[in-house]
Amino acid sequence: MAKVKIKDLVEEILNPFLSENGLELYNVEFVKEGKEWFLRVYIDKAEGAEEEYISTDDCELVSRFLSERLDESDPIEQNYYLEISSPGMDRVLLKEKDYVRYAGKQVEVNLYQSIDGKKMLTGELVGVVEGNLVIMDEKANRLEIPMSKVAKTKLAVIF
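FYI, the numbering for the sequence shown is 519 to 677, going by the numbering used here.
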């Protein structure tokens, strides 16, 4: 089964269950590392949930549910390891809704090509406006970076 179809299948199986449990699907990866295949499912608390962080109990709940459903239909030909986890404090922003949800948070932006001699920028996320990632740097300068130049945006971990 194609990787995209596996992602779609996992999403179809999980979304109603996650919604019922105050969770949401953050991302799905089906990847080969060495000789082994991994189905990695990243879950998050639903926006507006009382608790902010994913617990090991949340991961176990989802793992048991998804494992049972996948065992029933057996849609994946090769052997694989199922991993359920949180996207982490330094989560990569993947979808437009992530940029909306985390507006106002500090981010690290990796670029494909340097801008003013820098391939990594940090600042407060404003959002995505007309195809540009907008952040406010430490000097309160508004930076607009074409999304085509952005390799990765992730939340900055600040202690």
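Cβ coordinates follow ideal geometry from the N, Cα and C atoms, glycine included.
Since the model is a prediction, treat every value here as computed from it, not as a measurement.
Using C-beta distances below 8 Å, list every residue in its chain close to residue i, excluding the 5 sequence neighbours before and after it, in chain order.
i	result
M665	V646, G649, N650 and L651
I524	V546, F548, L557, P593 and I594
E570	K563
A669	N628, L629 and Y630
S537	A564
N659	none
E662	V647, N650, L651 and V652
E614	V646
Do residue i and residue j have their C-beta atoms within less than 7 Å of each other?
i	j	result
V625	T671	yes
I602	V580	yes
Y733	K667	For residue 733 there is no data in the structure shown, the boundaries of the chain being 519 and 677.
R587	L673	no
K623	L643	yes
W555	Y598	yes
G641	D655	yes
M607	V675	yes
So, at 7 Å on beta carbons, what are the nonlocal neighbours of residue i in its own chain, with the 5 sequence-adjacent residues on each side left out?
i	result
N533	L543
P605	Y544, N545, Y560 and D562
L612	N545
I572	I561, D562, K563 and S604
For residue i and residue j, which I take to be in contact (beta-carbon distance under 8 Å), what is that distance rounded to the nearest angstrom?
i	j	result
D576	L600	Between L600 and D576 the Cβ distance is about 15 Å, and since that is not below 8 Å, they are no contact.
With which residues is residue i paired in a DSSP beta bridge?
i	result
P664	N650
Q624	E642
By Cβ distance below 6 Å, which residues in the same chain neighbour residue i in space, the five residues on each side in sequence not counted?
i	result
F583	F535
D526	none
Say whether the region 541-559 touches the region 593-611, bearing in mind that this needs 3 or more beta-carbon pairs closer than 8 Å, one atom from each stretch.
Yes, the region 541-559 touches the region 593-611.
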